[in-house]
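Residue numbers (the numbering used here): -16 to 151.
Structure, rendered in structure tokens:
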């Protein structure tokens, strides 16, 4: 009984630490118009770590390059895409799903891709539903990177893939 208590206490402590780091980023760093890519990726790594702890048997992966260039981006730029992947994939399928994300930079183009296993998300009329998150990210990308980004979304029967490229 005592060992179980210590195990769960440690687990709760890790969640509290991760959440406090994320809240600090949201409350203080996100007040700036831009943040460093390194800060944004640290936030995403915390988010992925929390999700992995919630669903330990799930396949969750965030690939980040060893060298992160000194680039600034709007805060929480990738968050709607990440949240959608977990919301429509992992949270519905639980431990039987995966979320895979990758960030890379080649020359002066930043690439972000994320895919998740999912249930079909078509509406009853057969059209793909688009939520507020995708609309908001499109608006933000047009505002910060007019004519310098591509955002593609591919949905298959059991997979949802988003690819974003931004010329920095």
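All C-beta atoms in this analysis are idealised placements derived from N, C-alpha and C, irrespective of residue type, glycine included.
No experiment lies behind these values; they were computed from the predicted model shown.
query	result
Using the Cα positions of residue 95 and residue 119, report the straight-line distance between them to the nearest angstrom.	17 Å
Here's a check: name, in chain order, each residue in its chain whose Cβ is nearer than 8 Å to the Cβ of residue 48, leaving out the five neighbours to either side.	86, 87, 88
Could you check which residue in 70, 137, 62, 99 has the C-alpha nearest to that of residue 24?	62
Quick check on the burial criterion: 16 or more other C-beta atoms within 10 angstroms. Buried or exposed for residue 91?	exposed
I want to know whether the segment 54 to 61 touches the segment 32 to 40 - three or more CB-CB distances under 8 Å.	no
Measuring CA to CA, which of 149, 33, 144 is closest to residue 127?	149
Could you give the distance in angstroms between the alpha-carbon of residue 69 and the alpha-carbon of residue 99?	8 Å
Could you tell me which residues DSSP pairs with residue 205 in its beta bridges?	Not covered by the structure: residue 205. The range shown for the chain is -16 to 151.
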